[in-house]
Amino acid sequence: DTGVSQDPRHKITKRGQNVTFRCDPISEHNRLYWYRQTLGQGPEFLTYFQNEAQLEKSRLLSDRFSAERPKGSFSTLEIQRTEQGDSAMYLCASSPFFAGVPYEQYFGPGTRLTVT
Amino acid sequence: GIQVEQSPPDLILQEGANSTLRCNFSDSVNNLQWFHQNPWGQLINLFYIPSGTKQNGRLSATTVATERYSLLYISSSQTTDSGVYFCAVDANNNDMRFGAGTRLTVKP
């Protein structure tokens with residue numbers, strides 16, 4: 021049973037560049053979540069998918085951020101025109117969802133973004 | 007939205023000591039999880055415990071949903087227990103809200 025994987029693990033980019041992160045969830049999980057964590061804080065929710073449908077977006081997800089899960093499997097998170105304030109750890113999680121109940125979330129190792 | 011408060015924010019223990027970490031939340035929740043974040047940032051699942059008591063080796067957790075709190079017990083602490091412990095709750099079947107964490111340091 022492979023866990024949640026994320027790629028890349030580290031990304032250094034210059035301000036104004038676009039970046040894209042990938043998340044591969046646990047295969048039988050139909051829910052996929054994106055979180056952001058800054059230094060010294062707990063993770064903050066960004067958005068989630070149930071299968072291929074994006075069902076909720078946090079106000080933290082500005083119009084420079086976009087996420088997709090085109091076939092209900094892997095997901096991508098793109099940040100356009102990066103700013104220094106985007107520097108953070110981006111975490112992906114997945115969980116099963118049955119009969120109206122989400123179950124335990126499992127997290128990937130994260131992608132650490134540094135914007136210079 | 008729901009508020010999650012963890013205490014204490016920092017805890018320093020001698021190896022072998024016991025500790026209790028607390029998580030208070032401001033509204034009814036459907037799910038509650040405890041995580042340990044290792045130095046590389048990986049969140050490791052400890053307990054999925056919306057109510058009741060569970061034990062796993064030296065760790066145990068209790069959630070009293072009616073009183074809106076959860077406790078994580080660590081017995082006979084080891085240096086490898088060091089790291090940040092997070093409580094996260096789900097009130098709306100959508101997203102998890104995390105507390106600010108308890109940073110635990112276990113000294114040899």
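If you read the protein sequences in the order shown, they are chains F and H.
Heads up: the first sequence begins at 21 in this note's numbering, then just goes up one per residue.
Heads up: the second sequence begins at 7 in this note's numbering, then just goes up one per residue.
C-beta atoms are modelled at their ideal positions from N, C-alpha and C, and glycine is treated no differently.
If you're wondering where the values come from, they're calculated on a predicted model, not measured in any experiment.
Asked, Found
"Report back the beta-carbon spacing between I18 of chain H and A97 of chain H to the nearest angstrom; my notes put them in contact at under 8 Å.", "That pair is no contact at about 32 Å."
"Check the C-beta distance from V41 of chain H over to V10 of chain H and give it rounded, since I have them as a contact under 8 Å.", "Before going further, note that residue 41 of chain H is Phe rather than Val in the sequence given. Rounded, the Cβ-Cβ distance is 12 Å, inconsistent with contact."
"So is I99 of chain F buried or exposed if we call it buried at 16+ other beta carbons inside 10 Å?", "buried"
"Going by DSSP in three states, Q70 of chain F sits in which element: helix, strand or coil?", "strand"
"Only counting runs of 3 or more residues, tell me where the beta strand (DSSP E) segments fall wholly within the segment 29-93 of chain F, in order along the chain.", "30-33, 39-44, 51-57, 64-70, 73-77 and 85-88"
"When you compare the CB of N37 of chain H with every CB in chain F, is at least one pair closer than 8 Å?", "yes"
"Between Q104 of chain F and L133 of chain F, what straight-line distance do the alpha-carbon atoms span, to the nearest angstrom?", "10 Å"
"Using the Cα positions of P129 of chain F and Q57 of chain F, report the straight-line distance between them to the nearest angstrom.", "12 Å"
"Tell me the DSSP secondary structure of A23 of chain H in three-state form.", "coil"
"For chain H, is any of its Cβ atoms less than 8 Å away from the one on G18 of chain F?", "Past the edges of chain F, shown from 21 to 136, lies residue 18 of chain F, and the structure says nothing about it."
"Based on DSSP bridge pairs, tell me the residues matched to P122 of chain F.", "F:F117"
"Using a beta-carbon distance cut-off of less than 8 Å, what residues from the segment 98-114 of chain H approach chain F?", "N99, N100, D101, M102, R103, F104, G105, A106 and G107"
"Would you grab the beta carbon distance between T136 of chain F and R35 of chain F for me? Rounded to a whole angstrom, and I think it's under 8 Å.", "7 Å"
"Excluding sequence positions up to five away, which residues of its chain have a Cβ less than 6 Å from the Cβ of R103 of chain H?", "I8, V10 and V95"
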